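One structure below.
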Amino acid sequence: MLQLIISEDFFFSMMPAYIMKKPHLTIYKDLFEQKGPLLYVIHALAYKISNTSFAGVYVFEAAAMFISMLFAYKTARLFVSKPLSLSVAVLFAVTAVNTNSFCFGDSAEEFSLPFLMILIYCAVFYFKDSENNKLKWYVFLLNGFFAGCVLMIKFTVLGFWFGWMAAISIHTLFVKKNVKETFKNAFVFLGGMAIPLAAFSVYFWAKGGLKEFFETYFFFNLFFYSDEKKTLFETLKNFVMCFVNSYFRNRGAFTVSALGCLLAVFVKPIAEKNVVSK
Numbered sequence: 001m002l003q004l005i006i007s008e009d010f011f012f013s014m015m016p017a018y019i020m021k022k023p024h025l026t027i028y029k030d031l032f033e034q035k036g037p038l039l040y041v042i043h044a045l046a047y048k049i050s051n052t053s054f055a056g057v058y059v060f061e062a063a064a065m066f067i068s069m070l071f072a073y074k075t076a077r078l079f080v081s082k083p084l085s086l087s088v089a090v091l092f093a094v095t096a097v098n099t100n101s102f103c104f105g106d107s108a109e110e111f112s113l114p115f116l117m118i119l120i121y122c123a124v125f126y127f128k129d130s131e132n133n134k135l136k137w138y139v140f141l142l143n144g145f146f147a148g149c150v151l152m153i154k155f156t157v158l159g160f161w162f163g164w165m166a167a168i169s170i171h172t173l174f175v176k177k178n179v180k181e182t183f184k185n186a187f188v189f190l191g192g193m194a195i196p197l198a199a200f201s202v203y204f205w206a207k208g209g210l211k212e213f214f215e216t217y218f219f220f221n222l223f224f225y226s227d228e229k230k231t232l233f234e235t236l237k238n239f240v241m242c243f244v245n246s247y248f249r250n251r252g253a254f255t256v257s258a259l260g261c262l263l264a265v266f267v268k269p270i271a272e273k274n275v276v277s278k
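Residue numbering for the sequence shown follows the working numbering, starting at 1 and increasing by one per position.
Listed below in structure tokens is the structure:
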């Protein structure tokens with residue numbers, strides 16, 4: 001009996017009833033959780049649509065994919081005709097849903113994808129003609145805000161946003177030689193990114209769980225998945241092995257992405273003329 005009480009299965013089986021009795025429970029503070037809080041906001045809204053089926057989550061998944069396909073279309077439309085761009089959007093969707101991140105459904109990557117596709121559209125628009133194209137300040141603010149949303153969904157997905165910001169900053173600084181604009185864009189981007197973080201920080205502060213929010217969501221996810229101390233060589237080896245394993249799990253996406261990169265660098269009229277832009 002004692003073994004049953006302390007077992008994980010027993011504990012988790014009791015959680016739904018416990019939550020129903022105390023609906024004021026706060027994640028991170030009262031319930032251990034390591035996913036981002038915005039993911040729970042999405043599911044709370046999905047619960048309002050349907051609290052007895054997957055229909056509510058499906059609505060949000062479908063909306064996320066529609067927005068993603070729309071910006072895949074808009075990105076392709078910068079180079080090719082409408083019919084071909086529609087084909088690109090369909091190819092994108094088929095490729096995306098056959099990746100490892102989508103295989104079980106209801107993943108953080110699914111809800112992060114629209115923000116990523118908007119970012120890719122802005123990047124391609126800018127570098128398509130980087131000598132003449134300029135992104136308005138609100139584009140940096142908006143993409144910073146979206147980066148903040150992804151930060152509150154799954155912060156390990158954030159790398160591309162910083163890569164995008166670094167690429168534009170390097171181009172603005174070294175090709176356009178505009179120091180003021182480089183720093184202004186960076187600060188506006190970071191300001192937009194701070195908005196979702198600040199909003200959730202205020203919420204958890206009001207709930208008395210700000211410390212637990214930062215400790216669990218950020219500190220735990222960063223440092224407690226592995227307690228092994230690795231050398232630099234072991235870390236690099238692990239990265240390479242993860243990359244290889246990811247390739248075999250997502251060969252379709254890797255192949256399509258590699259072809260797209262080659263087109264963007266080498267094939268006219270898509271390829272950029274400027275070396276830094278490439």
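Note that the Cβ used here is the ideal one computed from N, Cα and C, for glycine as well.
Quick caveat: nothing in here was measured; it's all calculated off a predicted structure.
Task: Residues sharing a beta bridge with residue 151, DSSP - done: According to DSSP, which records beta bridges pairwise, residue 151 is partnered with nothing at all.
Open item on the list: Measuring only the C-alpha atoms, how far is residue 139 from residue 129?
Closed with: 17 Å
TODO: Using the DSSP secondary-structure output, state which residues sit across from residue 67 in a beta bridge.
DONE: According to DSSP, residue 67 bridges with nothing at all.
Open item on the list: Across the stretch 189 to 204 and the stretch 146 to 155, are there enough close Cβ pairs to call them in contact, namely three or more that are closer than 8 Å?
Closed with: yes
Task: Other residues of its chain near residue 109: CB distance less than 6 Å, five sequence neighbours each side excluded - done: 101
- [ ] Inspect the beta-carbon positions of residue 92 and residue 62 and report whether they are closer than 7 Å.
- [x] no
Open item on the list: Given this structure, state the Cα-to-Cα distance separating residue 77 from residue 97, to the nearest angstrom.
Closed with: 22 Å
Task: Residue closest to residue 141, alpha-carbon to alpha-carbon, out of 190, 271 and 171 - done: 190
Open item on the list: Using beta carbons (cut-off 7 Å, strictly below), is residue 52 in contact with chain D?
Closed with: Included in the structure is just one protein chain, with no chain D present.
Open item on the list: Let's test the definition: count the other Cβ atoms within 10 Å of the Cβ of residue 217 and tell me whether it reaches 16, buried, or not, exposed.
Closed with: buried
Open item on the list: Can you tell me whether residue 31 is helix, strand or coil according to DSSP?
Closed with: strand
- [ ] State buried or exposed for residue 171, treating a residue as buried only when at least 16 other CB atoms are found within 10 Å of its CB.
- [x] buried
Task: Rounded Cβ spacing between residue 48 and residue 56 (contact assumed at less than 8 Å) - done: 7 Å
TODO: State buried or exposed for residue 105, treating a residue as buried only when at least 16 other CB atoms are found within 10 Å of its CB.
DONE: exposed
- [ ] Starting from residue 237, follow the alpha helix (DSSP H) in both directions and report where the run begins and ends.
- [x] 232 to 249
Task: Proximity of residue 112 and residue 67 at Cβ, strictly below 7 Å - done: no
- [ ] Report yes if the C-beta distance between residue 271 and residue 265 is below 7 Å; otherwise report no.
- [x] yes
- [ ] Tell me whether the beta-carbon of residue 247 lies closer than 7 Å to the beta-carbon of residue 254.
- [x] yes
TODO: Could you tell me which uninterrupted alpha helix (DSSP H) segments, each at least 4 residues in length, are contained entirely in the stretch 95 to 135, listed from first to last along the chain?
DONE: 108 to 128
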